[in-house]
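Novice: Note that the protein sequences, when read in sequence, are chains A, B, C and D. Residues in the first sequence are numbered consecutively from 126, following my numbering. Residues in the second sequence are numbered consecutively from 126, following my numbering. Residues in the third sequence are numbered consecutively from 126, following my numbering. Residues in the fourth sequence are numbered consecutively from 126, following my numbering. C-beta: ideal position from N, C-alpha, C; glycine also.
There are 4 protein chains.
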Amino acid sequence: MSNAGPDDPRRRISLRTTRMEAFSDGIFAIAATLLVLDLMIPAVTSKDVSHQLVEQWPTYVAYLVSFATIGNAWLNHSVITEYLARADAILLRLNLALLFFLSVLPFPTHMLAEYRSNQGDERIAVTVYGLNLLAISGFISIVWHYALWQRLVGRDNSDEDVRALTSKLDPSLVSYAVVIGIGLLRPWIAVLFYLVIALFMIIPFRAVLREARRRRGS
Amino acid sequence: MSNAGPDDPRRRISLRTTRMEAFSDGIFAIAATLLVLDLMIPAVTSKDVSHQLVEQWPTYVAYLVSFATIGNAWLNHSVITEYLARADAILLRLNLALLFFLSVLPFPTHMLAEYRSNQGDERIAVTVYGLNLLAISGFISIVWHYALWQRLVGRDNSDEDVRALTSKLDPSLVSYAVVIGIGLLRPWIAVLFYLVIALFMIIPFRAVLREARRRRGS
Amino acid sequence: MSNAGPDDPRRRISLRTTRMEAFSDGIFAIAATLLVLDLMIPAVTSKDVSHQLVEQWPTYVAYLVSFATIGNAWLNHSVITEYLARADAILLRLNLALLFFLSVLPFPTHMLAEYRSNQGDERIAVTVYGLNLLAISGFISIVWHYALWQRLVGRDNSDEDVRALTSKLDPSLVSYAVVIGIGLLRPWIAVLFYLVIALFMIIPFRAVLREARRRRGS
Amino acid sequence: MSNAGPDDPRRRISLRTTRMEAFSDGIFAIAATLLVLDLMIPAVTSKDVSHQLVEQWPTYVAYLVSFATIGNAWLNHSVITEYLARADAILLRLNLALLFFLSVLPFPTHMLAEYRSNQGDERIAVTVYGLNLLAISGFISIVWHYALWQRLVGRDNSDEDVRALTSKLDPSLVSYAVVIGIGLLRPWIAVLFYLVIALFMIIPFRAVLREARRRRGS
């Protein structure tokens, strides 16, 4: 896709995207799977296990929100690399910052599941969690805008595709910022909003609509 | 394989399958390997260690069933992606739902190993475990049928191959549903059935037979 | 490499080896890295930490032997897949059995590190560990011989290369069987032998010699 | 890139680099992500959680330094494999030694986070940690120099590129050796230096400067 020859000065900092993809897929997959280590099973006591399992619902919600967020980040990341013709030294570092915030997500997820008893602790947990989601979402946008700015995106992608991705990534930043504010007042309302954001972005309304339109048109 | 040109409306939602494969392989591999963290070794006590190791047999059975189920799911998934010419936005999301149920499997596996002392707890554990296996198996079928419906399967695959895979995936759903029912009455009988289902699907009777027939024919 | 056309009956069971490689690499990498979770640091007590760290030497030896064994298994596996032109349904299953024994290795490694105080427990731990190494080594040989038997190996590999790999894989089975016997009498001698076997196979004497000969010859 | 034909004696020990890359990416990704398991959340006590979280700052510093070091090692490793035309038996083993020291890094990272209360223990932890970083950095240099020496580097890479990478890898060895010395006197100063080294190498000053110069020149 890149037509830079060996004498092109840009060539020096061009890199294949294969290892960036493989390393990123590894971190995405491990961060998503390590979350299960926090799903503790109740100890065998005189109390009914089914009640104890049900009482753990905030743990399951936290698990589901984190998995959905990582899944959604992976979807966006895979579309970005689909459009990339090549990587450069700075893009790899920005991607590394994204992976840092992804790999740390199990920590605030664990806080979220544990600190629901105390109102003050809960607020801290939900705020730290929201900041982590904002950082993930923010660095995905940064990676994408940097790639556009440095023309690392292949020319065979239509302008419409590129705009569609941009218009999908950027609004989520605003959503996260708003919900962090809500979380300071009503922590668990914010968590439910994070779930809604992740599911809303995962469920491909746009693709479904486009598909429906295409079917009618043909 | 897809001959959609840049002006084809379908092109917009076509994606390579490489990252979907890499991310899925990561989740499959980690889910399969994290199971070992539940194989706890007995503490050094006055009691003979060999007896304690033998007493842990339900833990080993649970480990083996889960590993075999993940291995079998991976085999089916890799055949599906072998046939896929391209992915679309919805297929990636259906695949994500499959990966969700795969990555959560260590949780009911752990319940299965722990709750064998109490009859009521055991029934809950075996049922939750069965529902998880059913969800994995169900989403593999959904991914496959969606790919067929949307013609994401490459045209160079013979109809016979496609039918063979369909006739392998769908019956397992019925088996899991039946065994979940059995598990409500006889929990450990159900676990042994899950092992039988996984091993039956892993051992390639069909391939062995076809190979035998080919040898006689040639 | 495979010149089987679409009408060749063998084609039906031919699969690319990419996903088998990716899934295997995932399991190898995770099994090797999970071992570090067993390197427990001593608690902060009145006792000098440096002494406690030194006293933990059997844990480090167990870690090193397991990492070297997994590394060596990976080397052999990667040479096998280098030679493979394609996979079939049975090869994938044999490979899955190999991955099962790889992913379970952290369990006997943990036993090895813990059960050094009691002579009887130690013997059990070393024997289980040896059987696990034998199973890994055995299934690598089985995968290789199956691939040779079914002519899944590309024809552009010289017979000499193929013989060299066979003559490297098979003797290790005998070594492991002998050392399991030694372990019944002198457990820790066996562990040191396992380290020697792994390092002996990792250090590429053959390649060094061939390189030296080539240099003299040219 | 390699133009060695089937009769070239060098061909026998030539291997594709794909599996070496996949296995390495797996270990890099898992080692980076497992670090999160050491970020323990404070127990719910009467004490304010926010204070306890702040008191854990050495754990966060250790996490950040290790993640940045692994990220930086990955960047260098991916540039090396970008330049590699092929691998040989010895290169794979040297790479395995590098992966060994990478996968063990969570252990001294954990020591670093735990042993800050006692001056003597802290010195041991910081020294072991520094030696681990030195080993990682050293084996990356060894892999690179071996590849250069054995002419495994593709000929289409300019001499300038190759020299630029060499001049980036080797000085870090000296830095680590000096900081290990500092750590014997002032442990936490050394940890901050390790952070500075990792960030300095991650932030692509060279690429930024070159880009700026290119923009002025064009």
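#1: What number of angstroms, rounded off, separates the C-alpha of residue 319(B) from the C-alpha of residue 268(C)?
#2: Quick one: which chain C residues come within Cβ less than 7 Å of residue 154(B)?
#3: With distance defined between alpha-carbon atoms, name the residue in 264(B), 259(B) and 277(B) nearest to residue 299(B).
#4: So the alpha helix (DSSP H) residue 190(B) belongs to, where does it begin and stop?
#5: Within 10 angstroms of the Cβ of residue 225(A), are there 16 or more other Cβ atoms? Answer buried if so, exposed if not.
#6: Using only the alpha-carbon positions, how far apart do residue 309(B) and residue 251(B) sit?
#7: Determine, using beta-carbon pairs with one atom in the region 181-198 of chain C and one in the region 190-199 of chain B, whether at least three such pairs fall under 8 Å.
#8: Does chain C have any CB closer than 7 Å to the CB of residue 276(D)?
#9: Among 205(D), 228(D) and 150(D), which one has its Cα closest to the Cα of residue 161(C)?
#10: Which residues mark the beginning and the end of the alpha helix (DSSP H) in which residue 248(D) is found?
#11: Count the other CB atoms, across all protein chains shown, that sit within 10 Å of the CB of residue 176(C); report buried if there are 16 or more and exposed otherwise.
#12: Could you check how far apart the C-beta atoms of residue 157(A) and residue 152(B) are, in whole angstroms? I think they sit under 8 Å.
#13: Let me confirm a value: residue 316(D) is counted as buried when at least 16 other C-beta atoms fall within 10 Å, else exposed. Which label applies?
#14: Using DSSP with H/G/I as helix, E/B as strand and the rest coil, what is residue 140(C)?
#15: Given residue 206(A), which residues of its chain have a CB within under 6 Å of its CB, disregarding the five upstream and five downstream residues?
#16: Would the region 285-294 of chain A and the region 202-216 of chain A be scored as touching if the rule is three or more Cβ pairs under 8 Å?
#17: Please classify residue 306(C): is it buried, with 16 or more other beta-carbons within 10 angstroms of its beta-carbon, or exposed?
#18: Roughly how many whole angstroms lie between the Cα atoms of residue 241(A) and residue 270(C)?
#19: How long is the line joining the alpha carbons of residue 282(C) and residue 253(B), rounded to whole angstroms?
#20: Output the boundary residues of the alpha helix (DSSP H) element that contains residue 286(B).
#21: According to a CB-to-CB cut-off of less than 7 Å, which residues of the region 201-232 of chain D neighbour chain A?
#22: Let me check understanding here. Comparing Cα to Cα, which of 163(B), 181(B), 263(B) and 233(B) lies closest to residue 201(B)?
#23: Starting from the Cα of residue 257(D), find the closest Cα among 277(D), 246(D), 272(D) and 223(D) and give me that residue.
#24: Would you list, in chain order, the members of the region 242-271 of chain D that have their beta-carbon closer than 9 Å to a beta-carbon of chain C?
#25: Restricting to Cα atoms, I'd like to know which of 178(C), 215(C), 150(C) and 173(C) is closest to residue 276(C).
#26: Can you have a look at residue 295(D) and say buried or exposed, based on whether 16 or more other CB atoms are within 10 angstroms of its CB?
#27: Listing by chain order, which chain B residues have their CB less than 8 Å from the CB of residue 140(C)?
#28: Is residue 229(A) helix, strand or coil by DSSP?
#29: Let me check understanding here. Comparing Cα to Cα, which of 179(C), 231(C) and 204(C) lies closest to residue 106(D)?
#30: Classify residue 218(D): buried if its beta carbon has 16 or more other beta carbons within 10 angstroms, exposed otherwise.
#31: Considering only residues of the same chain and omitting the five flanking positions on each side of residue 237(A), which have a CB-CB separation below 6 Å?
#32: List the DSSP bridge partners of residue 212(A).
#33: Does chain A have any CB closer than 7 Å to the CB of residue 144(B)?
#34: Taking the C-alpha atoms as reference points, what is the distance between residue 164(B) and residue 232(C)?
#35: Taking C-alpha atoms, which residue in 304(C), 291(C) and 155(C) lies nearest to residue 195(C)?
#36: Judging by CA-CA distance, which residue of 297(B), 261(B), 173(B) and 293(B) is the nearest neighbour of residue 230(B)?
Specialist: Looking at the atomic coordinates:
#1: 26 Å
#2: 148, 151, 152 and 155
#3: 259(B)
#4: 182-208
#5: buried
#6: 8 Å
#7: no
#8: no
#9: 228(D)
#10: 244-274
#11: exposed
#12: 7 Å
#13: buried
#14: strand
#15: 142 and 146
#16: yes
#17: exposed
#18: 57 Å
#19: 50 Å
#20: 284-310
#21: 203, 206 and 207
#22: 263(B)
#23: 223(D)
#24: 242, 243, 245, 246, 249, 250 and 253
#25: 215(C)
#26: exposed
#27: 203, 204 and 207
#28: coil
#29: Summary: the structure shown does not reach residue 106(D), with chain D confined to residues 126 through 343, and so no result is reported for it.
#30: buried
#31: 187, 250 and 254
#32: 140(A)
#33: yes
#34: 7 Å
#35: 155(C)
#36: 261(B)
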